[in-house]
Amino acid sequence: MSDLHLNIKVWRQNQKNDSGHFETYKVTANEHMSFLEMLDVLNEQLVREKKDPVAFEHDCREGICGTCSMVINGQPHGPLAATTTCQLHMRFFKEGETIVVEPFRASAFPVLKDLVVDRSSFDRIIQSGGFISVNTGQAPDGNAIPIEKDKAGKSFEAAACIGCGACVAACPNGSAMLFTSAKVTHLGLLPQGKVEEEKRVQAMVAQMDKEGFGMCSNIGACEAECPKEIKLENIAYLNRAYLKSVFTGE
Amino acid sequence: MLESKIPSGHISEKWTKYKSEIPLVAPNNKRKLEIIVVGTGLAGAAAAASLGELGYHVKCFTFHDSPRRAHSIAAQGGINAAKNYSNDGDSVYRLFYDTIKGGDYRAREANVHRLAEASVDIIDQCVAQGVPFAREYGGLLENRSFGGVQVSRTFYARGQTGQQLLIGAYQALSRQIGLGTVQMYNRHEMIELVLVDGKARGIVTRNLLTGALESHAAHAVVLATGGYGNVFYLSTNAMTCNVTAAWRSVRKGALMANPCFTQIHPTCIPVSGEYQSKLTLMSESLRNDGRVWVPKKKEDAIAIQQGKLKGVNIKEEDRDYFLERRYPAFGNLVPRDVASRAAKVECDKGHGVSPTGLAVFLDFSAAIERYGKTEANKQGLHNLSKEQIIELGEKVVSAKYGNLFEMYDKITGENPYKEPMKIYPAVHYTMGGLWVDYNLETNIPGLFALGECNFSDHGANRLGASALMQGLADGYFVIPYTIGTFLSKEISTPKFDPKGPAFVEAEQAAKNRIQTLLNIKGNQTAESFHRRLGKIMWDYCGMARNEEGLKKGRQMIRDLKAEFYKDLFVPGNADEFNPELEKALRVADFMEHGELMMVDALERKESCGGHFREESVTEEGEAKRNDESFSYVAAWEWDENQPKLHKEDLVFEYIKLVTRSYK
Numbered sequence: 034m035s036d037l038h039l040n041i042k043v044w045r046q047n048q049k050n051d052s053g054h055f056e057t058y059k060v061t062a063n064e065h066m067s068f069l070e071m072l073d074v075l076n077e078q079l080v081r082e083k084k085d086p087v088a089f090e091h092d093c094r095e096g097i098c099g100t101c102s103m104v105i106n107g108q109p110h111g112p113l114a115a116t117t118t119c120q121l122h123m124r125f126f127k128e129g130e131t132i133v134v135e136p137f138r139a140s141a142f143p144v145l146k147d148l149v150v151d152r153s154s155f156d157r158i159i160q161s162g163g164f165i166s167v168n169t170g171q172a173p174d175g176n177a178i179p180i181e182k183d184k185a186g187k188s189f190e191a192a193a194c195i196g197c198g199a200c201v202a203a204c205p206n207g208s209a210m211l212f213t214s215a216k217v218t219h220l221g222l223l224p225q226g227k228v229e230e231e232k233r234v235q236a237m238v239a240q241m242d243k244e245g246f247g248m249c250s251n252i253g254a255c256e257a258e259c260p261k262e263i264k265l266e267n268i269a270y271l272n273r274a275y276l277k278s279v280f281t282g283e
Numbered sequence: 012m013l014e015s016k017i018p019s020g021h022i023s024e025k026w027t028k029y030k031s032e033i034p035l036v037a038p039n040n041k042r043k044l045e046i047i048v049v050g051t052g053l054a055g056a057a058a059a060a061s062l063g064e065l066g067y068h069v070k071c072f073t074f075h076d077s078p079r080r081a082h083s084i085a086a087q088g089g090i091n092a093a094k095n096y097s098n099d100g101d102s103v104y105r106l107f108y109d110t111i112k113g114g115d116y117r118a119r120e121a122n123v124h125r126l127a128e129a130s131v132d133i134i135d136q137c138v139a140q141g142v143p144f145a146r147e148y149g150g151l152l153e154n155r156s157f158g159g160v161q162v163s164r165t166f167y168a169r170g171q172t173g174q175q176l177l178i179g180a181y182q183a184l185s186r187q188i189g190l191g192t193v194q195m196y197n198r199h200e201m202i203e204l205v206l207v208d209g210k211a212r213g214i215v216t217r218n219l220l221t222g223a224l225e226s227h228a229a230h231a232v233v234l235a236t237g238g239y240g241n242v243f244y245l246s247t248n249a250m251t252c253n254v255t256a257a258w259r260s261v262r263k264g265a266l267m268a269n270p271c272f273t274q275i276h277p278t279c280i281p282v283s284g285e286y287q288s289k290l291t292l293m294s295e296s297l298r299n300d301g302r303v304w305v306p307k308k309k310e311d312a313i314a315i316q317q318g319k320l321k322g323v324n325i326k327e328e329d330r331d332y333f334l335e336r337r338y339p340a341f342g343n344l345v346p347r348d349v350a351s352r353a354a355k356v357e358c359d360k361g362h363g364v365s366p367t368g369l370a371v372f373l374d375f376s377a378a379i380e381r382y383g384k385t386e387a388n389k390q391g392l393h394n395l396s397k398e399q400i401i402e403l404g405e406k407v408v409s410a411k412y413g414n415l416f417e418m419y420d421k422i423t424g425e426n427p428y429k430e431p432m433k434i435y436p437a438v439h440y441t442m443g444g445l446w447v448d449y450n451l452e453t454n455i456p457g458l459f460a461l462g463e464c465n466f467s468d469h470g471a472n473r474l475g476a477s478a479l480m481q482g483l484a485d486g487y488f489v490i491p492y493t494i495g496t497f498l499s500k501e502i503s504t505p506k507f508d509p510k511g512p513a514f515v516e517a518e519q520a521a522k523n524r525i526q527t528l529l530n531i532k533g534n535q536t537a538e539s540f541h542r543r544l545g546k547i548m549w550d551y552c553g554m555a556r557n558e559e560g561l562k563k564g565r566q567m568i569r570d571l572k573a574e575f576y577k578d579l580f581v582p583g584n585a586d587e588f589n590p591e592l593e594k595a596l597r598v599a600d601f602m603e604h605g606e607l608m609m610v611d612a613l614e615r616k617e618s619c620g621g622h623f624r625e626e627s628v629t630e631e632g633e634a635k636r637n638d639e640s641f642s643y644v645a646a647w648e649w650d651e652n653q654p655k656l657h658k659e660d661l662v663f664e665y666i667k668l669v670t671r672s673y674k
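Shown next as structure tokens:
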């Protein structure tokens with residue numbers, strides 16, 4: 034097990050309206066640690082020196098809750114494809130390396146402290162229409178509507194989005210199209226979700242715009258950085274559904 | 012005296028009959044009643060959404076930045092339901108029976124039967140919400156099998172079933188938030204329960220962004236705040252899972268039931284170093300196809316531990332498939348407690364396979380070959396080489412478990428298609444929890460507990476794919492009815508003022524607690540105390556327990572607690588975003604809860620389910636239950652010096668108690 038001596042250059046910002054700055058710390062890690070465990074080591078060190086630890090968000094540490102959110106060496110969730118920060122291990126870094134750690138940056142994700150950002154705009158997009166309107170107890174038998182296996186699989190792949198916001202952080206326009214389109218696709222591909230698709234897509238796009246997310250210009254950085262490999266074709270699906278709703282909707 | 016309030020009648024009719032008798036609250040009155048729901052996992056989100064749909068005014072709280080982050084999201088394998096879509100003889104009764112037996116006869120019959128009944132509706136509800144379950148080519152829902160049962164009743168969405176179910180509940184909740192029936196409070200952690208005239212009427216929360224303490228009042232409080240597995244520090248739980256909401260209720264008089272019943276899951280990625288912050292589960296579904304083994308010869312095991320030999324180098328005849336050997340009827344699919352203990356036995360004998368000696372193999376080579384052959388036949392390909400067959404087989408295995416294999420590769424840097432996985436048991440779930448009656452109401456009127464937070468359905472051991480089932484059953488299909496038993500008597504009760512004396516007092520208590528921790532100004536971090544607490548719990552209240560160890564462990568926790576209040580250091584202030592303070596508050600509650608677990612484990616002088624007392628074993632070394640003396644729920648009233656035990660006797664009318672055998 035070999036030790037890594039690293040310089041961690043990390044964004045420090047006390048509150049929402051502070052200007053913020055980088056600070057560099059020396060950390061000794063080993064290659065079996067996850068990136069977040071390396072930050073734990075840094076924080077234990079800072080607390081022992083009675084200094085303010087670096088605020089960062091994390092929870093499940095197995096790549097599924099979508100809480101961890103940081104940009105590592107310029108890439109949301111770091112250099113490894115299809116991997117969240119919590120599952121990124123230190124063996125992918127070099128001895129003596131300087132690692133730059135920043136928060137997700139987008140105008141719709143204001144920084145709250147250090148690496149912590151406010152992503153409640155995502156919740157409001159879902160609240161605007163990212164659901165199927167069914168109350169508890171209203172459901173017919175689960176097998177009443179057969180769904181083509183491949184279609185269900187595609188719907189699942191869109192539903193695998195963890196709502197972390199890396200797509201927004203990666204996008205030069207700060208657009209939330211990948212996130213929003215994944216939900217529109219997940220529900221729209223299923224017969225039970227098709228029913229209210231027109232309303233859904235209209236409402237979600239309107240909310241997305243209201244939150245201050247940028248426009249999509251098909252750059253594709255979102256797809257490249259998405260830890261769950263959500264596909265750009267979801268955006269095409271959304272665009273089709275949106276266009277259709279403009280012509281056929283009320 | 013604990014009153015379980017089990018309704019009368021035959022077990023298969025109790026719930027249906029009871030539902031039609033529960034007093035209702037008319038729609039115009041529902042609008043006047045407020046309910047607080049704490050937690051937004053499967054149970055909390057399902058409850059908040061369903062109660063909102065019914066017309067109650069719901070206030071819902073989570074300490075996460077979004078209700079979609081709760082740890083239900085990490086459940087992998089699946090959710091059970093007695094649909095019998097597989098035509099393999101399943102029924103509500105069989106699911107009920109399996110769950111009681113799996114729990115080693117320490118759960119309440121009536122609750123478990125209701126759970127089995129609700130399981131059927133859960134699947135329908137989730138499909139209607141758009142949960143993309145796995146399907147057959149004919150478009151119908153697919154099933155697989157899980158540990159401890161002989162039918163295929165588990166519905167799943169690849170290895171991300173919990174995520175998909177939680178997203179379904181989150182969307183239902185989001186819809187209600189959008190409609191205004193649910194008021195959502197993110198980044199608010201409950202740190203006190205408020206009682207008015209002995210009834211639960213509100214909570215005090217800490218706003219995690221600003222540190223502000225806020226009082227929230229309601230007619231009833233529903234806790235869905237999960238389990239306490241993190242008392243062990245290392246567990247498969249998420250980092251912020253904690254016991255605080257439940258423990259704060261215990262400090263206000265709620266009873267904690269069977270706290271020593273914890274589940275150690277057999278298939279987790281082994282511990283690799285001191286810095287480690289959490290353990291990662293490899294889904295139980297893997298035991299459908301993976302075979303568990305260790306080298307027969309100790310010298311082979313030692314060579315593997317030293318890195319001189321690899322698992323693939325060990326010849327077939329030199330492998331000990333110990334689960335298949337010891338439990339031929341269930342083989343690799345024995346329940347979790349049995350599988351975990353068997354792995355521990357092999358490792359204790361010196362046959363473990365990682366550098367620490369604490370790991371066994373989970374091997375897919377046989378499954379890969381079998382699937383490869385089937386696939387070749389399907390495609391009409393004959394005369395394939397072994398390599399070609401394996402290639403085909405790997406594709407099938409990848410389609411089934413791809414994301415789990417990837418996760419394993421990412422964490423360990425080893426390719427599980429080519430080398431057997433290394434796994435070891437780890438703390439995963441807690442069957443114990445707040446004592447509740449049939450209505451899911453605690454002994455404090457108006458305080459309800461759902462999901463992992465309560466003790467009710469899993470006895471001494473939970474079967475795989477049952478936690479998701481219970482969380483959703485409680486949230487969607489039980490609490491919307493049973494809360495009526497309490498609220499129907501409250502329709503004339505005016506709204507409570509969150510500035511009333513009981514709230515002011517609770518806020519002050521919370522403030523004092525925070526100030527006490529900040530004022531210690533010692534030298535050790537909350538994290539370091541947590542790690543030490545976890546080690547004590549694992550060593551003395553883990554997979555095997557004995558009287559001497561439990562007594563010692565209890566004393567060690569008391570000493571650690573004393574040290575905590577002398578030498579803790581929390582940086583920063585109370586009125587700011589301060590994760591170290593959050594941690595310290597949680598660790599303080601874990602200390603007391605951990606002590607209670609020791610007390611409970613000490614008192615239960617029998618082995619049952621996940622609770623294995625070394626003094627109580629059969630001649631073959633299996634767990635030995637003692638129904639005569641311990642067929643009860645141990646519900647504890649907290650007292651710093653000596654917690655007081657209240658017993659609820661378990662009556663089994665429909666299932667005969669037998670020795671649980673999977674041989």
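Protein chains in written order, with the numbering used here: chain A, 34 to 283; chain B, 12 to 674.
Each residue gets a CB set at the ideal place from its N, CA and C atoms; glycine is no exception.
Note that the structure is a prediction, hence the values are computed from the model and not measured.
Of the listed residues the options, nearest to residue i (C-alpha basis)
{"i": "B/G632", "options": "B/V254, B/K355, B/Q174", "result": "B/K355"}
{"i": "A/L222", "options": "A/Q240, A/E266, A/F68", "result": "A/E266"}
{"i": "A/T117", "options": "A/R94, A/S35, A/K146, A/Y58", "result": "A/R94"}
{"i": "B/S283", "options": "B/I325, B/P366, B/R259", "result": "B/P366"}
{"i": "B/E559", "options": "B/G545, B/M609, B/R543", "result": "B/M609"}
{"i": "A/L26", "options": "A/M241, A/H122, A/Q48, A/A254", "result": "A query on residue 26 of chain A cannot be resolved here, the shown segment of chain A reaching from 34 to 283 and no further."}
{"i": "B/L65", "options": "B/E225, B/L458, B/Y96, B/L184", "result": "B/L184"}
{"i": "B/E402", "options": "B/E617, B/K429, B/K510", "result": "B/K429"}
{"i": "B/P491", "options": "B/I46, B/G113, B/L62, B/L395", "result": "B/L62"}
{"i": "B/K2", "options": "B/R298, B/V345, B/K360, B/N269", "result": "An answer regarding residue 2 of chain B cannot be provided, because it is not within the stretch 12 to 674 covered by chain B."}
Proximity below 8 Å, CB of residue i to CB of residue j
{"i": "B/T236", "j": "B/G50", "result": "yes"}
{"i": "A/V149", "j": "A/E90", "result": "yes"}
{"i": "A/C197", "j": "A/P260", "result": "yes"}
{"i": "B/I455", "j": "B/A265", "result": "yes"}
{"i": "B/V232", "j": "B/A211", "result": "yes"}
{"i": "B/Y440", "j": "B/E463", "result": "yes"}
{"i": "A/D36", "j": "A/T57", "result": "no"}
{"i": "B/R117", "j": "B/L661", "result": "yes"}
{"i": "B/R543", "j": "B/L561", "result": "no"}
{"i": "B/A312", "j": "B/L334", "result": "no"}
Residue interval of the alpha helix (DSSP H) (run including residue i)
{"i": "B/H82", "result": "Element bounds for B/H82: n/a, residue is neither H nor E."}
{"i": "B/W649", "result": "Segment: none, B/W649 is in no alpha helix (DSSP H) and carries neither H nor E."}
{"i": "B/Y196", "result": "Unbroken run through B/Y196 is the beta strand (DSSP E), 193–196; no alpha helix (DSSP H)."}
CA-to-CA distance, residue j to residue i, given in whole angstroms
{"i": "B/E14", "j": "A/D151", "result": "46 Å"}
{"i": "B/Y181", "j": "B/R337", "result": "43 Å"}
{"i": "B/N39", "j": "B/L461", "result": "26 Å"}
{"i": "B/K70", "j": "B/L44", "result": "11 Å"}
{"i": "B/A452", "j": "B/A54", "result": "Contrary to the premise, residue 452 of chain B reads as Glu rather than Ala in this sequence. Each residue's alpha carbon lies about 14 Å from the other."}
{"i": "B/A595", "j": "B/Q566", "result": "21 Å"}
Cβ-Cβ separation, residue j to residue i (assumed contact under 8 Å), whole Å
{"i": "B/I531", "j": "B/D578", "result": "7 Å"}
{"i": "B/F416", "j": "B/P427", "result": "5 Å"}
{"i": "A/A209", "j": "A/P109", "result": "A/A209 to A/P109, Cβ: 14 Å. No contact."}
Extent of the continuous beta strand (DSSP E) run through residue i
{"i": "B/E203", "result": "199–207"}
{"i": "B/F72", "result": "68–72"}
{"i": "B/C279", "result": "273–279"}
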